[in-house]
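In this note's numbering, the protein residues as written are 59 to 384.
Just so it is clear, CB atoms sit at the ideal spot from N, CA and C, and this is done for glycine as well.
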């Protein structure tokens with residue numbers, strides 16, 4: 059059994075968190091620290107967009123309609139922060155070998171968040187959202203190549219965060235006026251753009267929802283799916299079962315991000331119980347990666363977040379033991 063986190067963490071000390079993550083989890087990752095200016099998940103993605111320019115408005119990020127990467131001071135600052143974090147990773151991961159995870163906001167969540175130059179979301183414009191997805195894929199490829207040069211022993215894994223995709227598919231993303239909703243996107247259309255960002259490295263798609271679009275994720279080329287186990291409804295489990303049997307790895311969000319910290323047995327129980335109810339192969343349960351339910355940025359302190367990360371491996375041991383006894 060293995061463990062990892064899902065990206066965001068509290069505080070602003072990237073150096074200390076990088077040290078912690080290289081030791082505390084089985085799949086270390088480049089932390090996102092949204093407490094810092096330009097450290098949130100959308101700003102990280104905008105930093106990766108080497109072919110599109112954007113600036114930061116009071117309502118959030120907006121494309122500026124140009125391709126000059128120097129067009130926006132905010133975008134340059136986001137890129138600078140990402141570069142500094144990669145420098146820290148290169149220094150502290152010197153000699154590291156093994157899996158290493160990078161997180162990136164997915165094309166549909168980005169399209170539902172970033173605005174067009176004239177207003178409204180990129181989601182409203184078919185051509186613009188494709189341009190955004192292509193630029194994101196290109197930038198991701200460059201980032202993966204850079205990390206491979208910086209940490210030669212790393213086996214890169216990419217986590218694509220798509221919290222907004224269920225709303226995109228359901229036609230539930232509000233328009234700029236707030237009076238209407240953007241038109242829904244069908245499954246094949248969602249797969250088309252999402253598949254652009256699954257080719258740079260083995261990719262895990264993360265979506266905390268009651269019914270994440272698992273079929274869309276697998277058709278887009280996801281090697282793994284990260285979910286909050288406490289949220290999944292029976293229909294989602296019914297979709298996941300054939301995916302697991304086809305080789306898709308489950309990243310099981312078992313450790314709550316806030317509130318009381320459970321013991322390992324209590325944390326593992328929802329996964330083990332449901333696995334047995336579905337009659338899934340116990341050998342596949344051994345391949346599940348244990349994670350927090352979502353990012354840990356909302357933890358009240360770095361010490362609290364560290365305790366939740368420390369619980370991951372102990373929970374993984376309980377799950378592994380349960381697999382042996384199933």
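Can you check the stretch 198-266 for any alpha helix (DSSP H) of at least 4 residues that lies completely inside it and give the ranges in chain order?
223-228 and 245-252
Taking the C-alpha atoms as reference points, what is the distance between residue 227 and residue 252?
13 Å
Just to confirm, is the Cβ distance from residue 93 to residue 72 under 8 Å?
no
What alpha helix (DSSP H) runs, 4 residues minimum, are completely inside the stretch 66-117?
72-82 and 99-106
With a cut-off of 8 Å on the beta carbons, I'd call residue 41 and residue 201 a contact; round off their distance for me.
As displayed, the chain neither begins before 59 nor continues past 384, which places residue 41 out of reach and without an answer.
For the beta strand (DSSP E) that contains residue 179, what are its first and last residues?
No beta strand (DSSP E) contains residue 179, which DSSP labels as neither H nor E.
Three Cβ pairs or more, each shorter than 8 Å: is that satisfied between the stretch 346-359 and the stretch 304-318?
yes
With a cut-off of 8 Å, do at least 3 Cβ pairs link the stretch 320-339 to the stretch 276-296?
yes
Determine the DSSP secondary structure at residue 157, reduced to helix, strand or coil.
strand
Residue 321 - containing alpha helix (DSSP H), residue span:
Per DSSP, residue 321 belongs to no alpha helix (DSSP H) and is neither H nor E.
Residue 119 versus residue 108 - alpha carbon distance
15 Å
Is residue 138 helix, strand or coil when you go by DSSP?
helix
Need the endpoints of the alpha helix (DSSP H) that residue 172 sits in, please.
Per DSSP, residue 172 belongs to no alpha helix (DSSP H) and is neither H nor E.
What did DSSP end up calling residue 188 once you bin it into helix, strand or coil?
helix
Please classify residue 203 as buried or exposed, where buried requires at least 16 other C-beta atoms within 10 Å of its C-beta.
exposed
By Cβ distance, which residues of its chain are closer than 7 Å to residue 240, with the 5 residues on each side in sequence left out?
179, 181, 182, 229, 231 and 233
Using a 10 Å radius around the Cβ and a threshold of 16 neighbouring Cβ atoms, would you call residue 212 buried or exposed?
buried
Below 8 Å between beta carbons: does that hold for residue 130 and residue 347?
no
Touch test, the stretch 163-172 against the stretch 244-263, Cβ-Cβ under 8 Å, three pairs minimum
yes
Leaving out five residues on either side along the sequence, give the residues of the same chain with a beta carbon under 8 Å from the beta carbon of residue 110.
121, 125, 189, 190 and 193
Span separating the alpha-carbon of residue 322 from that of residue 310
14 Å
Express the C-alpha separation of residue 324 and residue 301 in angstroms, rounding to a whole number.
26 Å
Considering only the beta carbon of each residue, do residue 279 and residue 261 sit closer than 8 Å?
yes
Given residue 63 as reference, the closest of 151, 286, 338 and 344 once Cα atoms are compared:
286
Give me the Cα-Cα distance between residue 352 and residue 367, rounded to the nearest whole angstrom.
12 Å
Rounded Cβ spacing between residue 171 and residue 222 (contact assumed at less than 8 Å):
7 Å
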